[in-house]
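Chains as they are written, first to last, in my numbering: chain X, -16 to 487; chain V, -16 to 487; chain E, -16 to 487; chain L, -16 to 487.
Backbone N, C-alpha and C define an ideal beta-carbon position, used for all residues, glycine too.
All of these numbers come straight from a predicted model, not from anything done at the bench.
Number of protein chains: 4
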Amino acid sequence: MISTPVIWAVRSSVRCWRQRAVFKGALEVVSVSGRRRFSAPTRRGASDMEELLARVVVPLPSYETRDKSPPPPESISLEFMHYYRSLEKEDKIDILTKLSQDYSVDHKAVSELSVRLLDTQLRDMATILQVEDRLRYSLTPRYKQLLSHISRVEGGVKFLVDLRADVLEMVAPKASESPHIKELNSTLKSLLSEWFSVGLLRLERITWQSPCEILQKISQYEAVHPIRNWTDLKRRVGPYRRCYAFTHAAMPGEPLVVLHVALTEDISDNIQSIVREFATLDSEEDVNKINAAIFYSISSTQAGLQGVELGNYLIKRVVRELQSEFPHMAQFSSLSPIPGFSSWLQGLLSQYRKEGWGSDLLSEQEWKEVEQATDSAPGTPAVDSLRKLIVTSEWTRSERLSSVLEPVLMRLCAWYLYGEKRRGYALNPVANFHLQNGATMWRLNWRADTSPRGVANSCGIMVNYRYFLNETSKNSTIYLQNKVITASEQVLGFVSQFQKNSKL
Amino acid sequence: MISTPVIWAVRSSVRCWRQRAVFKGALEVVSVSGRRRFSAPTRRGASDMEELLARVVVPLPSYETRDKSPPPPESISLEFMHYYRSLEKEDKIDILTKLSQDYSVDHKAVSELSVRLLDTQLRDMATILQVEDRLRYSLTPRYKQLLSHISRVEGGVKFLVDLRADVLEMVAPKASESPHIKELNSTLKSLLSEWFSVGLLRLERITWQSPCEILQKISQYEAVHPIRNWTDLKRRVGPYRRCYAFTHAAMPGEPLVVLHVALTEDISDNIQSIVREFATLDSEEDVNKINAAIFYSISSTQAGLQGVELGNYLIKRVVRELQSEFPHMAQFSSLSPIPGFSSWLQGLLSQYRKEGWGSDLLSEQEWKEVEQATDSAPGTPAVDSLRKLIVTSEWTRSERLSSVLEPVLMRLCAWYLYGEKRRGYALNPVANFHLQNGATMWRLNWRADTSPRGVANSCGIMVNYRYFLNETSKNSTIYLQNKVITASEQVLGFVSQFQKNSKL
Amino acid sequence: MISTPVIWAVRSSVRCWRQRAVFKGALEVVSVSGRRRFSAPTRRGASDMEELLARVVVPLPSYETRDKSPPPPESISLEFMHYYRSLEKEDKIDILTKLSQDYSVDHKAVSELSVRLLDTQLRDMATILQVEDRLRYSLTPRYKQLLSHISRVEGGVKFLVDLRADVLEMVAPKASESPHIKELNSTLKSLLSEWFSVGLLRLERITWQSPCEILQKISQYEAVHPIRNWTDLKRRVGPYRRCYAFTHAAMPGEPLVVLHVALTEDISDNIQSIVREFATLDSEEDVNKINAAIFYSISSTQAGLQGVELGNYLIKRVVRELQSEFPHMAQFSSLSPIPGFSSWLQGLLSQYRKEGWGSDLLSEQEWKEVEQATDSAPGTPAVDSLRKLIVTSEWTRSERLSSVLEPVLMRLCAWYLYGEKRRGYALNPVANFHLQNGATMWRLNWRADTSPRGVANSCGIMVNYRYFLNETSKNSTIYLQNKVITASEQVLGFVSQFQKNSKL
Amino acid sequence: MISTPVIWAVRSSVRCWRQRAVFKGALEVVSVSGRRRFSAPTRRGASDMEELLARVVVPLPSYETRDKSPPPPESISLEFMHYYRSLEKEDKIDILTKLSQDYSVDHKAVSELSVRLLDTQLRDMATILQVEDRLRYSLTPRYKQLLSHISRVEGGVKFLVDLRADVLEMVAPKASESPHIKELNSTLKSLLSEWFSVGLLRLERITWQSPCEILQKISQYEAVHPIRNWTDLKRRVGPYRRCYAFTHAAMPGEPLVVLHVALTEDISDNIQSIVREFATLDSEEDVNKINAAIFYSISSTQAGLQGVELGNYLIKRVVRELQSEFPHMAQFSSLSPIPGFSSWLQGLLSQYRKEGWGSDLLSEQEWKEVEQATDSAPGTPAVDSLRKLIVTSEWTRSERLSSVLEPVLMRLCAWYLYGEKRRGYALNPVANFHLQNGATMWRLNWRADTSPRGVANSCGIMVNYRYFLNETSKNSTIYLQNKVITASEQVLGFVSQFQKNSKL
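So, in structure tokens, the structure goes:
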């Protein structure tokens, strides 16, 4: 499977069927979507499904009459939507499988046109173009029409977004097994890409004046730094903060991707100062204190829009918006989490231990200090002690351990971000997202997220991906085409320390 | 060329380059679009253009990296838009020709994949699907990417709509000559169809409270029954009237297709009672007097959206809207002009005269009455007299002539609407539009449009296309597939009278 | 002091300086008003104040030039507002006292004009009217001008509303002592009455789509049945519920009086079924199940608007609104709390005990049953047992006690509502409010509010004040003018039982 | 009668009953108000009226119960409104006369309280204040209650505004005759002043996006420089222009006072360059070319709000608005018409002629030049020639005459504006308005309004009243209190030339 740029918040939410980002804290979760409720669903028979599909997936019109065919009545689309929604998970898998296999491309027609195209090579351009056009038309999966008709019905676009979320779950684990489901996925993605083209999106600034419905969703969708209560929420849309979302005409009141920005004096190195400090809640913004825009949270809300570029465009639009509001603002940077760093590190330590050669990770001196600071039972291998410290986050309670580990964790983390790859691109999805956008891996920040979650995920480290506006385009290209990561001296310094130690 | 359903108002405006529906009457035309103004344009050199195209039309990424390529900077799209807008008509034709020819499909790649597809026939489905997907991708014209990128820029969608209007003008006269321009046209149409998919359109009711900007456009775009002044305009959005438009998120403030409805006691047989009667201007609507909804004007405003179904969907949405406002309303009908009837009739008479056998059109008795009523110079052939009467509209001044001609013109008109075809479908574009939507050709109305324009265009006759809601779907299908027109007894009666007379 | 109609929720909040309705439950209180925060305030000197007042309270122009005097610069109003806001409570009392005494009416001028008026009695009407007009003008307190000018400044009207809240607190305890403060109060009330005249108010329906800012305030202001969390709040503006508020142009985003309505099949006899039942949260309203509108909470939010009729008008407007939405709805009723019943009852029992003659309240049989059911220590007087039961709410835990007490508490409660008076009007402020509006005291409901608060306040009893629309005007008049309460047979039945027992 | 500040546009429209500013030019007048249409009205009998008034004007409650009286049912207010609207002019005069006389103040009660007040002089302050309060209450005309109740009904405030317009017409010609009508007028004015207090007004910027309804009204109400058509209207709300209005919550969609502003490089000296030049219609504003804000038209739209300060406040609010949009803008000035100058001049010349001593107005040299330039019949007195020139505007056609007359007319005009007074204030109403606001009479402009209307009204001269923001307050005070006009050297120079010539 080709790795497409994803935002971390979405990737994780795609993993499990019907999981909703659990909304922690004092605010109760209000289930907004009726779709998830089934009143005692029963499994459907295969013939039942086949009969339905035969009825709702009308044949493609012939090439000649393709502009002349009136759309089928809306009732057909509605029937399919209603039926599908009433299904249990297993039945959904069945019907999507059937749909993608039985109503796919007419391979015979494609072959015939291919033959014809090869014949016509010698003839005039008009004929070539026409046969190509017929060939193009013949490559349309028959079910594509159904999808198009559904998109025209009220609520249809949202239905297809959710349908694709289901398809993505099927695709994820068993990529190689069902080429038809993959084709369905890519047909859906291509349709959604047209409908969610940036020209059709609306940038909305979310404030305390926005409808409660949308603010509640903003609150629910915030997976990066959970929002605990009204005050918390009010803070994130209050002074020295901006919250922007893309919405779409076909899904009113539904933020598609949400970007939270803090307006600060300097590029922030700590998230608690952004999400937990309320001194400024009722104050007026002082423009003179605003020199930097910190993107501290970006969340895609629609699993079904995976691979449809939105976050990238949102950041760019917001930069433009901020520049027009603050003409002299020159610093744009994320303050990003590093999900996966701790697990990666634990895995590394386990493996090192198993394979007996973990000593490279730390210098001798460092190992010694870890041992001294931990008071482990004598004989415990230092790797084990270290691993336990990471798992339990216990090291944070000791000032001494903390200062021993700082250089170690910082250079390991730098390596994790910069050096660990997947098909040549950064393994860490947040890094991959910002690097694709053309950001620079700019600064690792120690004690940047001291929340239990922050410590557990990334030993409290956070990273700034900085957007130098006149370099993003170039950076993006060399990253995507040459897989080269642009990083600051600080980051490169840590990386080279790591390499020296680990003799890589 | 395939005849696509068009609304009459648009078709006529497509005819000439840069023509705007002239806004007659007391209101001055305000030129809204800065785009049409050139400050001393100069012709551009071919190398100039080629250099630009080479720069702005980036190569398609390889199939493997197609999801990995960052979009080019917006500046490229903006440069092209700016350049194109600054061109004179001839240069526009040049650049569109170059673009469509030099940045079309890579025919070699298509051929190679066709060969591969035929080879792979023996192999597994996964491979077949993959090669088909590659083939599909290879069939993308290279310029399609540029169009997509433009759509993402502010004002980009509107630019492409206008660009297609230009392309349509080029296609119209010399359809067979440039297959590449046809391909560009069809690529554009398919993109626009996705973006203007009904799920993305917004129905707006236009009232006297709507922004002046939109009301002025409504006023300008009204080509069917021109709006003369504020009172006239206020009337059309006032009590017993409804005015609806589709707008689109990417073209805010721009009505795409406009439908004017009159709410009446019975199905109207006269347009002046709708557009000229002001008794009710300040009155309150009396729901008990509202039994019928008369669609008396529908105008598409964007020449570039020809072939993209909007009017059809607008009528259906409006019917739904009206049903929810007036649950007991049961009569839905158009009161439509018959553009082209007079010219068709004049052509017919000329031809008859030339070929010497026009006598069939009228009965002997009728010819006699015409002669008596006209007091033509002795010896003038009756056909000539009749033709002159039609051309000058003089017959309307004589009550006697008028009653002599009524049965004649009504049966000729019925024939023109019902019997005259173009590739099997109704020749008259308004008829074709409503029949495609599933309406019934319901009633011809004598003295229905007594304005000079109405008399000149269609001898004052208008026609109701009636929408029987539970039959439209069936009617539409049999019209589109079997070319069968559903008509009322009145219409069929006139048609058979015509046939009897003319011995057809 | 004259008792003016007040809504209970306000009355209680007026009692203490700067108290905000504490917002209980899971939602944190967000302090909206910066006004309440002082950064280390210091007491101000008297001369300081006098100097300020001398500067900001400009002399009244002479009668002749009253239309010719330009308003003083805004800065003067702003200075006063700023100064006042910075004061501590004691200083506020000081400055209001000074203002009302030193810048009151010019008594000498009034006397002189009175003399002149008596002289002029013999002369013509024109002169009489003119002297009267001068007299009227001379009766204007000098500070009234300052108040008027403040109202013109942004935020000025809200400032005056809050100022009056301060004045009301001063007036409350020591009404007779400062006639000048009373005059200031009545001047303010009369100005506010003009500005908050119903023609200038805007009815807003609050929904889940309303701005979060306003919904949060709705949530905070709900003193009758506190809102605990988002789901709770969403419920109160969701299906089968309506929430309306009056807002005012000069105080945007600030609901002035809020009315919560439940749409039910029958007139509700239980509040939990309204505020705690969420079965219908996502359902569609079924119009056929909507026969009654229950006003289950009405809260004034501005202490400073006491005595300015808003609630009454809001109920009337909402009835109109509901009638236009549900033309066949015929039942309109409150479901109201009975604040003060328990305390009244406890007071009664104490007194009875002290005076030794409490036996009248219950029949012998009832006393016996209470004794049996309570298992009190032998020798404890039954009155004491009963009193303790009420204070602790313990009786609710015993089914037996509960059924013993039901008839007793119901008839006592009926008497409390119907028979207990203050200057001839119902003592209970909620009763007084609805009776003034013309409602009928319709039904007492046992176990209507089983929340701890409901049991503590009124032994769980609630009451419906029913609005028979064609009787409210008459009822209102006879209540206000003749102090006659309109009540249903049920209520009157309980009252007469009480009277029989207590031999009143 | 005391002269209150009026805006010229209103004053003229008040003069005749029900006259609407005729809307000249291409746009038809749309009659917006159904109120003006009577279906065959018939005169009403006096008893009819008396009976109605007796029913609708309820007695004032006693002082003690004044806060306890429920408002009468709305139906009473509606009945009066309906009745009044159905009356013919003469009947309106009758009913207003009756109302003001028969339901006025209770003079006996006032006398009694006056006596009591004089008695109580010796007693305590509390008693004094209370008797004063009773006296104040007794000075309320009984009809004031009716007016208050009407204001609470939908459309009631607008009704009272229009009612006052009627009252003003009655007052105007025969001020001394009916003191009661004057009292009604002043009661109404004082109520309206409270309701239209600036804190309750909303500033709206009118653009081409505003509702057509409001733009059409803007167009109709523009009496100073009539708007001819859509383009004209679009211009006035387009780039380099601003149009602001105050609206009021109780009269939605109704602009109360409208201010047109041009944004220019320098202070304009010519009105045609503002209202007739369309070069910039579609251009973008260039902030660098905006140095001055020219108030070129201000119109009050509600005759009934005469004397209620709105224009003054609107100018101040707009200045603030412009300063926040253009922080560096430093020049604020009107470009104002001089209505009445020509008539004044003609009157002057007539009188001079009659009295035989007109020679002072021009110098000998000037008289000679006039004579030479006019080629009058020999013997025609020069005064006559001059007067005829002015009346016919013929002098504008001769370059020579024009340059002869320039100095003459400029100094006469300066005198007219500066020296001609009414009760000590500037006779010219526009001058009086701006001087009250604190503007400086800054510059007379020759050939500033070359429209026929401009030449006829003021020989084409216009004047800038300039607002030096830090002097307006002072200027306003010395004008209103000391009747001193602040003027520039240019103006004072012309004035002294005039004085020298005319030996005043």
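Short Cβ contact (7 Å threshold) for residue i with residue j
i: Arg370 (chain E); j: Leu344 (chain E); result: no
i: Glu205 (chain V); j: Trp191 (chain L); result: no
i: Phe324 (chain X); j: Ser441 (chain X); result: yes
i: Pro56 (chain E); j: Met108 (chain L); result: no
C-beta neighbour in chain V for residue i, strict 7 Å
i: Gln203 (chain L); result: no
i: Val467 (chain X); result: no
i: Glu177 (chain X); result: yes
i: Met234 (chain X); result: no
i: Val140 (chain X); result: yes
CB contact check: residue i to chain X, cutoff 7 Å
i: Pro42 (chain E); result: no
i: Trp191 (chain E); result: yes
i: Glu11 (chain E); result: With a pLDDT of only 33 at Glu11 (chain E), under the threshold of 50, the placement of this residue in the model should not be trusted, and no figure is reported.
Min CB distance residue i to chain E below 7 Å
i: Pro24 (chain X); result: Bear in mind that the predicted position of Pro24 (chain X) carries a pLDDT of just 46, short of 50, making it unreliable; the figure below should be weighed with that in mind. No, its Cβ sits nowhere closer than 7 Å to a Cβ of chain E.
i: Leu418 (chain X); result: no
Beta-ladder partner(s) of residue i, from DSSP
i: Glu187 (chain X); result: X:Ala228
i: Phe315 (chain E); result: E:Ala276
i: Pro194 (chain X); result: E:Pro194
i: Val244 (chain X); result: X:Arg225, X:Phe278
i: Ala409 (chain V); result: V:Lys404
i: Ser346 (chain X); result: Answer is none; Ser346 (chain X) lacks a bridge partner.
Cβ of residue i within 7 Å of any chain L Cβ
i: Pro563 (chain V); result: Residue coverage of chain V in this structure runs from -16 to 487, which leaves residue 563 (chain V) outside it and unanswerable.
Buried or exposed (CB count within 10 angstroms, at least 16 for buried), residue i
i: Gly28 (chain X); result: exposed
i: Arg527 (chain E); result: Residue 527 (chain E) lies beyond the residue range present for chain E, which begins at -16 and ends at 487; the question has no answer from this structure.
i: Gly182 (chain V); result: buried
i: His65 (chain X); result: exposed
>> Whether or not the stretch 32 to 40 of chain X and the stretch 76 to 86 of chain X are in contact is what I'm after, with contact meaning three or more pairs of Cβ atoms, one per stretch, closer than 8 Å; do they touch?
In response: yes
>> Does the stretch 135 to 149 of chain X come into contact with the stretch 106 to 120 of chain X, if we say contact requires no fewer than three beta-carbon pairs (one atom in each stretch) closer than 8 Å?
In response: no
> Would you call the stretch 468 to 478 of chain V and the stretch 391 to 410 of chain V touching, i.e. three or more CB-CB distances under 8 Å?
Replying inline: yes
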